[in-house]
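Contents: one structure, followed by commentary.
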Amino acid sequence: MSVEWQPVRTYEDIQYHKAGGIAKIAIARPHKRNAFRPRTVVELFDAFADAREDPQIGVVLLTGVGPHTDGKYAFCAGGDQSVRGTAGYLDEAGVPRLNVLDLQRAIRSLPKVTIALVAGYAIGGGHVLHLLCDLTIAADNAIFGQTGPKVGSFDGGFGASYLARVVGHKKAREIWFLCRQYNAQQALEMGLVNCVVPVADLEAEGVRWANEILEKSPTAIRCLKAAFNADCDGQAGLQELAGNATMLYYMTEEGTEGKQAFLEKRSPDFRQYPWRP
Ligand code: S0N
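In my numbering, the protein residues as written are -7 to 269.
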């Protein structure tokens, strides 16, 4: 399935394209196995914000540019350890940041479908990024794992708790405590990915899934995603789900009557609306 990707904006650390309702965001630091530095995260956040605002976009593919000149692929190898300071990852002004947490929430609450296309390494904070996408399509060369306790970091937020929701507590603790690497087939068996395809077919498969999703009702999918999130995300998840209920209520005649009455300086006539069974 060939797609005519159109570049959206020029960035330093990522590539951002769109085509037919699909946005494709790719981390472009293959010499670092696509590890992210603060700038990378700022750019990813910006691209996700653009995809959120664009009413034509229903699905976002998140991936990594590759292969590198050594022939190896990476989705993302997590935080760039070469700019890790004493209180986070140092931006170009030397300010320590943990801004990947903002990006995680932006991906999680995007009211559109996110699909991670993983070729090669999805490790550390990179593994958490694929985890947070709604769906993951793995190339047959994909390798998954957390390294925190080996390199002196940990993600006790979504990286631990949501991982446990996805693969179960025993497996999640194994992944974090032993820091092993898992191949695509093992990831499929533990429910960490949705399917495995040959690496050459990865993008085409992502586009196929995206197009299948784009045939469906945007509002139904938006509410379903919020409902899945609400099950895990406490009050923030409820806020997201309830926000959709408010949006739908605004779209009703009944909801509009309240606003109209205020603007017309009269009492609202809600008696015309039924108390449904
Ligand atoms: C990915 C691995 C397994 C690949 O191994 P391989 O194929 O043998 O390649 P290498 O020779 O190791 O790497 C090739 C080049 O890429 C560089 N590189 C790779 N990963 C990184 C990285 N993460 N940072 C910086 N550089 C990286 C190598 O250095 C090499 O370059 P040269 O040739 O110039 O030396 C293997 O590379 C590997 O294990 N990588 C490290 C994986 C890792 O430990 N990542 C960090 C884990 N921690 C996080 O991600 C923090 C998460 C986080 O950000 C966070 C979480 C919760 C709350 C807050 C935060 C926050 O800090 O914001």
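Every residue, glycine too, gets a C-beta built ideally from N, C-alpha and C.
Keep in mind that this is a model prediction, so the values were computed, not measured.
Fully enclosed beta strand (DSSP E) runs of no fewer than 3 residues occupy 51 to 56 and 66 to 68 of the region 16 to 69, in order along the chain. For Ala130, the three-state secondary structure derived from DSSP is strand. Burial state of Gly148 is exposed, judged by a 10 Å Cβ sphere holding fewer than 16 other Cβ atoms. With fewer than 16 other CB atoms across the displayed protein chains lying within 10 angstroms of its CB, Trp267 is exposed. By the criterion of a C-beta distance shorter than 7 Å, Leu194 is surrounded in its chain by Leu109, Ala111, Ile129 and Ala131, once the five residues flanking it on both sides are discounted. Boundaries for Leu230: no beta strand (DSSP E) harbours it, while the alpha helix (DSSP H) harbouring it runs Gly226 to Tyr242, taken from the DSSP string.
Residue pairing of Phe136 in beta bridges, as defined by DSSP: Ala114 and Tyr174. The beta carbon of Thr78 lies closer than 8 Å to those of Pro88 in the same chain, with the five residues before and after it left out. The beta-carbon distance between Ile6 and Ala27, rounded to whole angstroms, is 13 Å. This is too long to meet the 8 Å contact definition.
Pairing Ser74 with Lys24 gives a Cβ-Cβ distance under 9 Å.
By the criterion of a C-beta distance shorter than 6 Å, Gln96 is surrounded in its chain by Leu124 and Phe150, once the five residues flanking it on both sides are discounted. Cβ-Cβ distances below 8 Å link Val191 to Tyr65, Ala111, Ala131, Asp132 and Asn133 in the same chain, with the five nearest sequence neighbours on each side left out; the list follows chain order.
Closest by C-alpha distance to Arg1, out of Cys224, Ile17 and Gly226, is Ile17.
Residue environment: Gln138 is assigned as buried (16 or more neighbouring CB atoms within 10 Å of its CB, all protein chains considered).
Cys187 carries a strand assignment under DSSP once its states are collapsed to helix, strand and coil. Counting C-beta atoms within 10 angstroms of its own C-beta, Cys187 has fewer than 16 neighbours from the protein chains shown and is therefore classed as exposed.
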